[in-house]
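For what it's worth, this note's numbering labels the leading residue of the sequence shown as 5, then goes sequentially.
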Amino acid sequence: MSKSMKVLAVVVFFSSSMVAIAQNEPIKVPKGHQIEIQTSAICEMCQHAIEYDLTFAKGVKSADLNLDNKVVTIVYNENKITPEELRSRITKVGYHADFMARDSIAYENLPMCCKDGNHGTPKIQVPTPRKNN
Ligand SMILES: [Cu+2]
Numbered sequence: 005m006s007k008s009m010k011v012l013a014v015v016v017f018f019s020s021s022m023v024a025i026a027q028n029e030p031i032k033v034p035k036g037h038q039i040e041i042q043t044s045a046i047c048e049m050c051q052h053a054i055e056y057d058l059t060f061a062k063g064v065k066s067a068d069l070n071l072d073n074k075v076v077t078i079v080y081n082e083n084k085i086t087p088e089e090l091r092s093r094i095t096k097v098g099y100h101a102d103f104m105a106r107d108s109i110a111y112e113n114l115p116m117c118c119k120d121g122n123h124g125t126p127k128i129q130v131p132t133p134r135k136n137n
């Protein structure tokens with residue numbers, strides 16, 4: 005394999021892996037902004053935990069998690085909360101949120117049924133937690 009071929013292969017690999025956990029951009033809706041965030045929820049308990057937590061976030065108008073694809077759709081006031089803060093909240097409940105890895109302590113504290121390998125594998129897996137420097 006030539007050097008340029010190798011470079012191309014690496015580029016293709018990284019761009020395809022980025023597509024797998026691509027984050028959606030917020031869109032304008034009548035009540036504010038709406039964003040869809042991919043989570044690692046597994047069951048109804050996960051769904052309720054995430055929706056319940058987001059409901060209490062300042063600026064969040066609604067949060068609905070679809071258990072078929074594990075995507076939570078959030079309508080929020082863009083002046084009060086950002087997509088980054090929304091993702092961060094989900095990680096603190098114990099779930100991955102797009103590219104953000106779950107908080108490992110929060111994950112440990114989840115009910116057994118909500119952990120990997122119990123109801124199935126979550127749709128996304130973020131293997132190495134990111135360090136925020
Ligand atoms: Cu669960």
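We put the CB at the ideal spot given by N, CA and C, even for glycine.
Comparing C-alpha positions only, which one of 94, 45, 102 and 105 sits nearest to residue 57? Nearest Cα to residue 57 within the set 94, 45, 102 and 105: 94.
Is it true that the region 102–113 meets the region 75–86, where meeting means three or more beta-carbon pairs spaced less than 8 Å apart? no
Would you check if the region 113–121 and the region 70–78 touch, i.e. whether three or more CB-CB distances between them fall below 8 Å? no
Taking 5 Å as the limit, name every residue whose beta carbon sits nearer than that to some heavy atom of ligand 1, in sequence order. 46, 47, 49, 50 and 118
Just to confirm, are residue 90 and residue 39 a CB contact at a threshold of 9 Å? With contacts defined as CB atoms closer than 9 Å, residue 90 and residue 39 qualify as a contacting pair.
Would a C-beta distance cut-off of 9 Å place residue 50 and residue 59 closer than the cut-off? no
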